[in-house]
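Asks: Below is the structure I would like to discuss, written out as structure tokens.
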Amino acid sequence: MAVISLSRRLRRTPFSEGVEAAGVKGYTVYNRMLLPTVFRSVEEDYRHLKQAVQVWDVACERQVEIRGPDASRLMQMLTPRDLRRMLPGQCYYVPIVDETGGMLNDPVAVKLAEDRWWISIADSDLLFWVKAIAHGWRLDVLVDEPDVSPLAVQGPKADDLMAAVFGDRVRDIRFFRFDMLDFQGRSLAVARSGYSKQGGFEIYVEGGDIGMPLWNALMEAGRDMDVHAGCPNLIERIESGLLSYGNDMTDDNTPHECGLGRFCNTQTAIGCIGRDALLRVAKEGPVQQIRPIEIHGAAVPGCDRPWPLMAGGRQVGQVTSAAWSPDFETNVAIGMVRMTHWDEGTELDVVTPEGARAATVNEMFWN
Ligand code: THG
Numbered sequence: 005m006a007v008i009s010l011s012r013r014l015r016r017t018p019f020s021e022g023v024e025a026a027g028v029k030g031y032t033v034y035n036r037m038l039l040p041t042v043f044r045s046v047e048e049d050y051r052h053l054k055q056a057v058q059v060w061d062v063a064c065e066r067q068v069e070i071r072g073p074d075a076s077r078l079m080q081m082l083t084p085r086d087l088r089r090m091l092p093g094q095c096y097y098v099p100i101v102d103e104t105g106g107m108l109n110d111p112v113a114v115k116l117a118e119d120r121w122w123i124s125i126a127d128s129d130l131l132f133w134v135k136a137i138a139h140g141w142r143l144d145v146l147v148d149e150p151d152v153s154p155l156a157v158q159g160p161k162a163d164d165l166m167a168a169v170f171g172d173r174v175r176d177i178r179f180f181r182f183d184m185l186d187f188q189g190r191s192l193a194v195a196r197s198g199y200s201k202q203g204g205f206e207i208y209v210e211g212g213d214i215g216m217p218l219w220n221a222l223m224e225a226g227r228d229m230d231v232h233a234g235c236p237n238l239i240e241r242i243e244s245g246l247l248s249y250g251n252d253m254t255d256d257n258t259p260h261e262c263g264l265g266r267f268c269n270t271q272t273a274i275g276c277i278g279r280d281a282l283l284r285v286a287k288e289g290p291v292q293q294i295r296p297i298e299i300h301g302a303a304v305p306g307c308d309r310p311w312p313l314m315a316g317g318r319q320v321g322q323v324t325s326a327a328w329s330p331d332f333e334t335n336v337a338i339g340m341v342r343m344t345h346w347d348e349g350t351e352l353d354v355v356t357p358e359g360a361r362a363a364t365v366n367e368m369f370w371n
């Protein structure tokens with residue numbers, strides 16, 4: 005097995021020391037930063053996430069900060085989600101689209117104040133797009149990447165662990181809201197959010213110097229809660245229908261193809277750069293869309309390139325994420341499927357590197 009060489013271009017995080025001490029076994033690269041993918045095994049990590057609590061180094065979810073009088077205007081230029089009723093203290097999952105309606109990213113927008121936002125980005129270079137728009141439109145804003153590194157606390161015992169470190173006020177934080185809470189004299193944004201459906205929080209750690217102190221405080225406070233270092237879990241996120249930008253969708257896809265139409269208010273999102281393009285495609289409706297796919301038979305290998313989805317000898321889509329689910333006792337997968345074959349129960353074949361397998365469009369695990 006070859007290895008990836010580390011260098012300055014592949015950034016460590018403020019929590020890397022803790023991640024290494026916890027015995028990380030695998031990484032991926034995300035926004036040119038290390039992102040752990042496995043600690044004990046993907047299956048053990050999955051079981052533990054569903055019954056205990058984990059601390060995740062998701063510093064690779066970098067922030068694009070927008071500051072200044074035109075901040076809210078710029079933010080609305082980026083997304084077809086209507087932001088007019090969004091208040092400081094709220095987070096929104098927002099598709100970001102280009103002038104053709106293509107997805108550039110699917111971040112969480114964090115509204116700190118009317119004139120100050122964080123865009124907590126997925127794996128694409130959104131900073132350049134935002135800077136270019138700010139400059140090209142002569143907007144009165146500053147756009148940069150601050151020293152802010154998210155640390156996620158996920159799992160059914162997340163409330164108890166977070167309360168032990170931040171106090172009982174964390175329990176009152178509602179889904180996709182944040183509060184400013186104190187840690188060692190520093191005020192940090194703590195949101196109830198995260199890349200799993202097991203419940204939990206994300207701490208936006210401002211200042212890399214308190215990364216390890218916070219990591220250690222969580223690990224110590226959680227000793228009797230079976231806390232362990234974890235990371236976004238492939239099995240759990242497929243079961244939960246959480247999409248991965250660059251894998252499940254790219255800039256060739258519209259939000260509607262990605263099933264993110266519920267996060268688009270294209271009619272009222274005045275100023276959105278992709279608005280005209282999206283109004284056109286939304287009228288016709290998408291001709292392909294993301295669907296949950298069940299792949300029958302034994303555990304499939306990892307999906308490191310799209311697997312063709314076939315029907316009657318013709319390609320009708322592709323699978324982009326797949327894993328064996330211990331709880332569903334079958335392979336769960338995410339696929340982009342043409343309209344003619346996207347109905348619930350449609351039977352397909354998927355071409356894996358180990359040969360063709362029967363597959364079914366199965367909405368069960370996303371409902
Ligand atoms: N948290 C933060 N930043 C992130 C992620 C995160 N940046 C990268 C990546 N994850 C962005 N992608 C997603 C995908 C899904 C969700 C969040 C970020 C998500 N979706 C829920 C859903 O679809 O059911 C809830 C959406 C809602 O109801 O608003 O949570 O995880 N900080």
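Numbering-wise (this note's numbering), the sequence shown opens with residue 5 and increments by one.
Heads up, the beta-carbon is just placed ideally off N, CA and C, and yes, glycines get one too.
(1) Under three-state DSSP, which class holds V152?
(2) On a Cα-Cα basis, can you pick out the residue from R13, E149, I125, Y34 that is closest to G211?
(3) Nearest-angstrom Cα distance between E288 and I274?
(4) First and last residue of the beta strand (DSSP E) that includes A327?
(5) Classify G339 as buried or exposed, calling it buried when 16 or more other Cβ atoms lie within 10 Å of its own Cβ.
(6) Our contact map puts V98 next to R85 with C-beta atoms below 8 Å; I'd like the distance itself, whole angstroms only.
(7) In whole angstroms, give me the CA-to-CA distance for A56 and T324.
(8) In the DSSP assignment, find the alpha helix (DSSP H) that holds F170 and state where it starts and stops.
(9) What did DSSP end up calling T356 once you bin it into helix, strand or coil?
(10) What I want to know is whether the C-beta of V62 ends up closer than 8 Å to one or more non-hydrogen atoms of the ligand THG.
(11) Could you check which residue in F180, M253, C268 has the C-alpha nearest to that of C262?
(12) Please state the DSSP three-state secondary structure of K1.
(13) Three or more C-beta pairs under 8 Å: does that hold for the segment 186-197 against the segment 228-244?
(14) Could you tell me whether the Cβ atoms of F205 and A162 are closer together than 9 Å?
(15) Among residues of its own chain, excluding the 5 on either side of Q271, which ones have a beta-carbon nearer than 6 Å to its beta-carbon?
(16) Just reading off the alpha helix (DSSP H) that S128 is part of, what are its end residues?
(17) Can you look up Q292 in the DSSP assignment and give me helix, strand or coil?
(18) Starting from the Cα of Q158, find the closest Cα among Q292, E351, L222 and give me that residue.
(19) Along the alpha helix (DSSP H) that carries D49, what are the first and last residues, could you check?
(20) Determine the direct distance from the alpha carbon of V209 to that of E348, and round the result to whole angstroms.
(21) Sorted by chain position, which residues of the same chain lie with C-beta nearer than 6 Å to V304's C-beta, five sequence neighbours on each side aside?
(22) Taking 8 Å as the threshold, find out whether the segment 108-123 comes into contact with the segment 308-319 through three or more Cβ pairs.
(23) Measuring alpha carbon to alpha carbon, tell me which of V23, C64, D49 ends up nearest P330.
(24) With hydrogens ignored, establish whether the beta-carbon of S197 is closer than 8 Å to any heavy atom of the ligand THG.
(25) Identify every run of the alpha helix (DSSP H) within the segment 56-91, keeping only runs that are complete inside it and at least 4 residues long; order them along the chain.
Replies: Looking at the coordinates:
(1) strand
(2) E149
(3) 20 Å
(4) 318-329
(5) buried
(6) 5 Å
(7) 29 Å
(8) 162-170
(9) strand
(10) yes
(11) M253
(12) For residue 1 there is no data in the structure shown, the boundaries of the chain being 5 and 371.
(13) no
(14) yes
(15) none
(16) Note, S128: premise wrong, no alpha helix (DSSP H); not H, not E.
(17) strand
(18) L222
(19) 46-55
(20) 42 Å
(21) A326, N335, T356
(22) no
(23) D49
(24) yes
(25) 75-82
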